[in-house]
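Participant: Got a structure for you, questions after.
Residue numbers (the UniProt record's numbering): 1 to 137.
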């Protein structure tokens, strides 16, 4: 019994190479997952609030300027019962546990929010009466 080598060789040479895509895709996804897990994203490096930041309690938003074009902004505080502006009591400006604070006071002055109380230091040129107003609820 003879082995037909020419027939086997021709059959082998006529075959086209094929790439199995399933293992290829598995390897690509594994590499991609590895790169995502081990990479360092600078956008997610956010500093957590420290106890010192929480104790300051300025009540100012974390923006450089008040957004919008309104003259007064309503500042709600739970159980608000006292508002002090430059050492003067302005609790009469409270309506519904909120008070209207002038935008320039928020930008340039100092607003300290405590439980049930707001203490405001106005910038130069703003009177106590201009700094806070009773909001229309």
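Positions of the beta carbon are idealized from the N, C-alpha and C atoms, including for glycine.
I need the straight-line Cα distance from residue 72 to residue 93, nearest angstrom please.
Facilitator: The residue labelled residue 72 in the question sits at position 72 within the chain shown. The residue labelled residue 93 in the question sits at position 93 within the chain shown. Going by the C-alpha atoms only, they are around 13 angstroms apart.
Participant: Can you say whether residue 80 is buried or exposed, counting buried as having 16 or more other CB atoms within 10 angstroms of its CB?
Facilitator: Residue 80 sits at position 80 when you count from the first residue of the chain shown. Buried.
Participant: Can you list, in chain order, the residues of its chain with a C-beta nearer than 8 angstroms to that of residue 84? Leave out the 5 residues immediately preceding and following it.
Facilitator: Walking along the chain shown from the start, residue 84 turns up at place 84. The answer, listed in chain order, is 90, 117, 118, 119, 120.
Participant: So for residue 16, helix, strand or coil by DSSP?
Facilitator: As a first step, residue 16 is located in the chain shown; it is residue number 16 there, counting from the start. Looking at residue 16 - three-state DSSP - the assignment turns out to be coil, as it is neither helix nor strand.
Participant: Shortest alpha-carbon distance to residue 130 belongs to which of 109, 34, 107, 101?
Facilitator: In the chain shown, the residue the question calls residue 130 occupies position 130. Checking every option, the nearest Cα to that of residue 130 belongs to 101.
Participant: Could you check where the beta strand (DSSP E) with residue 76 kicks off and where it finishes?
Facilitator: Residue 76 sits at position 76 when you count from the first residue of the chain shown. Start and end: 72-76.
Participant: Which residue comes first and which comes last in the beta strand (DSSP E) that contains residue 118?
Facilitator: As a first step, residue 118 is located in the chain shown; it is residue number 118 there, counting from the start. Element bounds for residue 118: 117-121.
Participant: Are the beta-carbon atoms of residue 103 and residue 135 separated by less than 8 angstroms?
Facilitator: Counted from its first residue, the chain shown places residue 103 at position 103. Counted from its first residue, the chain shown places residue 135 at position 135. No, Cβ-Cβ distance for residue 103 and residue 135 is not below 8 angstroms.
Participant: How would you call residue 53, buried or exposed, if buried means at least 16 neighbouring beta carbons within 10 angstroms?
Facilitator: Start at 1 with the first residue of the chain shown, and residue 53 comes out as number 53. No answer about residue 53 holds up, because its pLDDT of 49 lies below 50 and its placement is not dependable.
Participant: By how many angstroms is the C-alpha of residue 125 removed from the C-alpha of residue 75?
Facilitator: By 1-based counting over the chain shown, the position of residue 75 is 75. By 1-based counting over the chain shown, the position of residue 125 is 125. The straight-line gap from Cα to Cα measures roughly 22 angstroms.
Participant: How long is the line joining the alpha carbons of residue 115 and residue 82, rounded to whole angstroms?
Facilitator: Along the chain shown, read from residue 1 onward, the residue named residue 115 stands at position 115. Along the chain shown, read from residue 1 onward, the residue named residue 82 stands at position 82. Distance between the alpha carbons of residue 115 and residue 82: 10 angstroms.
Participant: At the level of alpha carbons, what is the spacing between residue 19 and residue 3?
Facilitator: For the purposes of this step, residue 19 is taken as the residue at position 19 of the chain shown. For the purposes of this step, residue 3 is taken as the residue at position 3 of the chain shown. Cα to Cα, the separation comes out at about 30 angstroms.
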